[in-house]
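> One structure, pasted below without further comment.
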Amino acid sequence: MVLENRVVVSPMDQYCAVDGVPTDWHLVHLGSRAVGGAGLVYVEMTCVSPEGRITPAAPDCGTTRSATPSGASWTSATRTRRPSCACQIGHSGRKGSTQLGWEKMDHPLESNNWPIVSASPIPYLEGISQVLARFLVKR
Ligand SMILES: Cc1cc2nc3c(=O)[nH]c(=O)nc-3n(C[C@H](O)[C@H](O)[C@H](O)COP(=O)(O)O)c2cc1C
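Numbering (the numbering used here) for the sequence shown: 235 to 373.
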């Protein structure tokens, strides 16, 4: 990939998606970086599935939702001055279903938690974080 310049905007979770879908906030956030002339604008961690979100305000790549008008804002925001755009794809693992950055960060939601999917039975925060249900079953 050849960039117009060396300025790269880091992926920064905005905690502003609604039901996994980006909002006008993302349009403004990414668009203003693009207008500023960055060579590459990185979109925040976008999760492979709703269950893979860290917080309820993270964007996800839900197949039905990515077709919505606001889902187009990733690219429309960064086309303003045609910089390159990259999207960070991720999965929360054992850190999933937690509170927003300005709440009790990394702590489980106070309500409406969804079951997490992780590769190990080790909780993110000992005695606090959720553990994948199948690891709780005694074998
Ligand atoms: C509000 C905020 C949200 C962030 N979200 C992400 C993210 O979604 N993915 C990621 O890899 N890093 C994320 N980071 C880390 C940044 O991309 C960057 O690596 C970090 O701020 C260190 O860079 P700096 O020394 O230039 O600040 C975030 C940082 C901040 C401050």
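Even glycine gets a Cβ: it sits at the ideal position worked out from N, Cα and C.
1. Our contact map puts P429 next to P293 with C-beta atoms below 8 Å; I'd like the distance itself, whole angstroms only.
2. For V262, report the span of its alpha helix (DSSP H) as first-last.
3. Using the beta-carbon of each residue, find all residues closer than 5 Å to any heavy atom of ligand 1 and list them in chain order.
4. Classify H341: buried if its beta carbon has 16 or more other beta carbons within 10 angstroms, exposed otherwise.
5. Beta-carbon within less than 7 Å of C250's beta-carbon, same chain only, minus the 5 sequence neighbours each way: which residues are those?
6. Just grab the DSSP bridge partners of M339 for me.
Result, derived from the coordinates:
1. Outside the shown range of the chain (235 to 373) lies residue 429, about which nothing can therefore be said.
2. What you label residue 262 is simply residue 28 of the sequence shown in a count that begins at 1. 258-269 is the extent of the alpha helix (DSSP H) around V262.
3. Ordered by chain, the residues meeting the criterion of a beta-carbon within less than 5 Å of a non-hydrogen atom of ligand 1 are S244, P245, M246, D247, E278, M279.
4. Counting from one through the sequence shown, the residue named residue 341 turns up at place 107. When all chains shown are included, H341 counts as exposed.
5. Residue 250 sits at position 16 when you count from the first residue of the sequence shown. Cβ neighbours of C250 beyond the five flanking positions: T257, W259, H260, A291.
6. Indexing the sequence shown from 1 puts residue 339 at position 105. Per DSSP, the beta bridge partners of M339 are Q333.
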